[in-house]
Amino acid sequence: MRIHFTRADLARTHVASGPDVMWEVVGSLQALQTGYGKQAFGQWRRQARHDLHRAGLARQVHDRLFPVAPHAAYYPDLLTPVEGALALDEALDTILSTPRRRLGTEIGRLKGGPGQGAWLDDLRTARKAALAELAAILRAYHRLSVEPHWPAVRACVDSDLARRHQALREGGVHQLLDSFRPMMRWNSPVLEIPAHPSGRDVHLGGRGLLLIPSYFTHLHPNTIFDAGLPQVITYPALHPAATTARHDAALNRLLGDTRAAALRAVAAGGTTGEVARRVGVSLPTISHHTAILRDAGLIISRRTATRILHTLSPLGEALLLAGHPRRDHAREDR
Numbered sequence: 349m350r351i352h353f354t355r356a357d358l359a360r361t362h363v364a365s366g367p368d369v370m371w372e373v374v375g376s377l378q379a380l381q382t383g384y385g386k387q388a389f390g391q392w393r394r395q396a397r398h399d400l401h402r403a404g405l406a407r408q409v410h411d412r413l414f415p416v417a418p419h420a421a422y423y424p425d426l427l428t429p430v431e432g433a434l435a436l437d438e439a440l441d442t443i444l445s446t447p448r449r450r451l452g453t454e455i456g457r458l459k460g461g462p463g464q465g466a467w468l469d470d471l472r473t474a475r476k477a478a479l480a481e482l483a484a485i486l487r488a489y490h491r492l493s494v495e496p497h498w499p500a501v502r503a504c505v506d507s508d509l510a511r512r513h514q515a516l517r518e519g520g521v522h523q524l525l526d527s528f529r530p531m532m533r534w535n536s537p538v539l540e541i542p543a544h545p546s547g548r549d550v551h552l553g554g555r556g557l558l559l560i561p562s563y564f565t566h567l568h569p570n571t572i573f574d575a576g577l578p579q580v581i582t583y584p585a586l587h588p589a590a591t592t593a594r595h596d597a598a599l600n601r602l603l604g605d606t607r608a609a610a611l612r613a614v615a616a617g618g619t620t621g622e623v624a625r626r627v628g629v630s631l632p633t634i635s636h637h638t639a640i641l642r643d644a645g646l647i648i649s650r651r652t653a654t655r656i657l658h659t660l661s662p663l664g665e666a667l668l669l670a671g672h673p674r675r676d677h678a679r680e681d682r
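Under this note's numbering, think of the first position of the sequence shown as 349, with each following residue one higher.
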């Protein structure tokens with residue numbers, strides 16, 4: 349996939365301020381339907397299935413949500429409105445108020461399995477009862493399977509955002525777009541997404557681009573299907589804490605337990621006080637360890653007013669991620 353920028357698009361390109369609840373809900377539904385990402389999602393998947401069965405929601409999620417958000421080349425844009433950046437309630441209100449024509453077009457593209465036709469037809473024709481049921485099940489699913497894991501989602505996304513903001517500060521939007529290699533390649537004025545299953549060209553035409561890091565997006569960046577809508581890319585946020593136990597033990601031997609814990613704590617970004625609280629040590633102790641990590645080129649520390657903000661350097665990030673298994677290869681997705 350190739351996304352073409354003008355100068356106006358570069359001026360209007362920015363990263364989100366945090367996770368988007370509906371992109372995470374849809375991404376988690378796709379992760380629940382598959383077996384990919386065992387390292388990142390295996391434990392979450394087992395817990396989600398257990399909780400849904402215990403609450404009696406497993407069948408509803410299977411019969412109602414999976415057909416609407418399938419693990420396939422297409423799912424409706426209406427599921428991921430811009431209001432998802434605000435909160436779940438605002439996003440669901442927007443979904444419920446989707447115009448009939450748009451429902452007919454986007455739901456009409458879905459190819460449901462056996463027994464799913466009537467449900468999709470009810471949504472496609474904007475039956476109020478069906479839309480209300482969709483919103484209710486989405487809300488219940490979020491409460492059981494996404495909301496309890498939101499601190500991990502937030503920490504992962506915030507860590508990725510710290511890296512993107514650093515690139516933006518150091519080299520502007522060109523360096524920001526170049527920071528996504530290898531999952532996206534910036535060759536001005538075109539951003540290429542090599543693993544994207546679509547071979548199409550999208551011309552932004554002055555609208556700009558919103559980049560959203562996502563915890564549950566795993567294999568490659570996802571895009572809006574309708575080229576006429578405001579353009580969004582959700583991309584896999586790095587899971588810096590998802591290292592193997594063997595790698596963690598080796599890292600502890602290399603750096604020492606406290607300093608290794610400090611490096612992991614910096615992965616989420618934060619001030620000296622925040623990193624100290626995560627590690628469970630005093631401010632003088634964490635200041636000693638962050639100074640050593642900074643001198644070794646593993647973290648970057650910047651003073652903002654009266655605080656010092658710590659983020660991983662590329663070397664520190666590579667050291668933390670060295671224990672990761674290779675990412676799964678391409679899936680049929682958008």
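Just so you know, even glycine gets a beta-carbon here, dropped at the ideal spot from N, CA and C.
Q) In this structure, does DSSP put Lys385 in helix, strand or coil? A) Just to set this straight, residue 385 is Gly in the shown sequence, not Lys. Three-state DSSP puts Gly385 in coil, outside helix and strand.
Q: Measure the C-alpha to C-alpha separation of Pro662 and Asp596 and round it to an integer number of angstroms.
A: Roughly 18 Å between the two C-alpha positions.
Q: Return the CA-CA distance between Arg629 and Ala608, expressed in angstroms with no decimal places.
A: Note that residue 629 is Val in the sequence shown here, rather than Arg. Their Cα atoms are separated by approximately 13 Å.
Q | Backbone CA spacing between Arg394 and Pro537 [nearest angstrom] | A | Cα to Cα, the separation comes out at about 43 Å.
Q. Would you call Asn535 buried or exposed, if buried means 16 or more other Cβ atoms sit within 10 Å of its Cβ?
A. Asn535 is exposed by the Cβ-count criterion.
Q) Hey, Leu668 and Arg612: beta-carbon distance below 9 Å or not? A) Annotated as proximal: Leu668 and Arg612, with beta-carbon spacing under 9 Å.
Q) Short check: CB of Leu380 to CB of Arg397, under 9 Å? A) Cβ atoms of Leu380 and Arg397: closer than 9 Å.
Q. Where do the ends of the alpha helix (DSSP H) carrying His513 lie?
A. DSSP places His513 in the uninterrupted alpha helix (DSSP H) bounded by 498-526.
(Q) Quick check: what's the CA-CA separation for Asp368 versus Leu468? (A) Whole-angstrom Cα-Cα distance: 25 Å.
Q) Can you give the beta carbon distance from Gly456 to Arg472, rounded, assuming they're within the 8 Å contact cut? A) Their Cβ separation, rounded to whole angstroms, is 5 Å, which keeps Gly456 and Arg472 in contact under 8 Å.
Q: Pair every Cβ in the segment 478-494 with every Cβ in the segment 436-445, then say whether three or more of these pairs are closer than 8 Å.
A: The answer is yes - the segment 436-445 touches the segment 478-494, with three or more Cβ pairs under 8 Å.
Q: Look at Ala585 and Ser507 and say whether their C-beta atoms are less than 9 Å apart.
A: Yes, they are a contact pair.
Q. By Cβ distance, which residues of its chain are closer than 7 Å to Arg675, with the 5 residues on each side in sequence left out?
A. In this prediction, Arg675 scores a pLDDT of 38, lower than 50, which makes its location untrustworthy; no coordinate-derived value is stated.
(Q) Tell me which residue opens and which closes the beta strand (DSSP E) that His551 is part of. (A) Residue range 549-551 is occupied by the beta strand (DSSP E) that includes His551.
**Q.** CB of Glu454 within 9 Å of CB of Pro424, strictly
**A.** Yes; because the gap between Cβ atoms is below 9 Å, this pair is in contact.
Q) Ends of the beta strand (DSSP E) at Glu481? A) Annotation for Glu481: no beta strand (DSSP E) segment contains it, though the alpha helix (DSSP H) segment containing it runs 476-489.
**Q.** Inter-stretch contact (C-beta, 8 Å, three-pair minimum) for the segment 565-584 and the segment 614-621
**A.** In this structure the segment 565-584 does not touch the segment 614-621; the number of beta carbon pairs closer than 8 Å is below three.
Q | Beta carbon of His362 nearer than 9 Å to that of Leu559 | A | With contacts defined by Cβ atoms closer than 9 Å, His362 and Leu559 form a contacting pair.
(Q) Within a Cβ cutoff of 7 Å, which residues of the same chain sit near Leu509, ignoring the five residues on either side of it in sequence? (A) By the criterion of a C-beta distance shorter than 7 Å, Leu509 is surrounded in its chain by Val363, Pro561, once the five residues flanking it on both sides are discounted.
Q: Would you decide whether Gly604 is buried or exposed? Buried here means 16 or more other CB atoms lie within 10 Å of its CB.
A: Burial is judged here by how many other beta carbons sit within 10 angstroms of a residue's own beta carbon; Gly604 has fewer than 16 and is exposed.
Q: Have a look at Arg399 and Leu405 and give me their C-alpha separation to the nearest angstrom.
A: Residue 399 is actually Asp in this sequence, not Arg. Spanning the two alpha carbons is a distance of roughly 8 Å.
Q: Compare the C-alpha of Leu539 against each of Cys504, Ile581, Gly519, His513 and name the closest.
A: For the residues Cys504, Ile581, Gly519, His513, the minimum Cα distance to Leu539 belongs to Ile581.
Q.
Check this for me: beta carbons of Arg360 and Arg517, under 9 Å apart or not?
A. Taking 9 Å as the cut-off, the beta carbon of Arg360 is found no closer than this to the beta carbon of Arg517.
**Q.** Pair within 9 Å by beta-carbon distance, Arg355 and Val550
**A.** Between Arg355 and Val550, the gap from beta carbon to beta carbon reaches 9 Å or more.
Q. Considering only C-alpha positions, which residue in the set Leu631, Leu657, Arg475 is nearest to Arg642?
A. The closest CA to that of Arg642, considering only Leu631, Leu657, Arg475, is found on Leu657.
Q | Within 9 Å, strictly: CB atoms of Pro415 and Leu479 | A | Not a contact, by the Cβ cut-off of 9 Å.
**Q.** As assigned by DSSP and simplified to three states, the class of Arg655
**A.** Here Arg655 sits in strand by DSSP.
Q: Let me know the secondary structure DSSP gives Ile647 once reduced to three states.
A: Secondary structure at Ile647: strand, using DSSP grouped into helix, strand and coil.
(Q) Do Ile640 and Ala624 count as a contact pair if the criterion is CB distance below 9 Å? (A) The answer is no: Cβ separation not under 9 Å.
**Q.** Segments assigned beta strand (DSSP E), at least 3 residues, entirely inside the segment 537-620
**A.** Taking only runs of at least 3 residues, the beta strand (DSSP E) segments lying wholly in the segment 537-620 are 538-540, 549-551, 558-562, 580-584.
(Q) Between which residues of its own chain and Arg502 is the CB-CB distance below 8 Å, once the five residues before and five after are set aside? (A) Non-local C-beta neighbours of Arg502 in its own chain, meaning closer than 8 Å and more than five positions away in sequence, comprise Gly366, Pro367, ordered along the chain.
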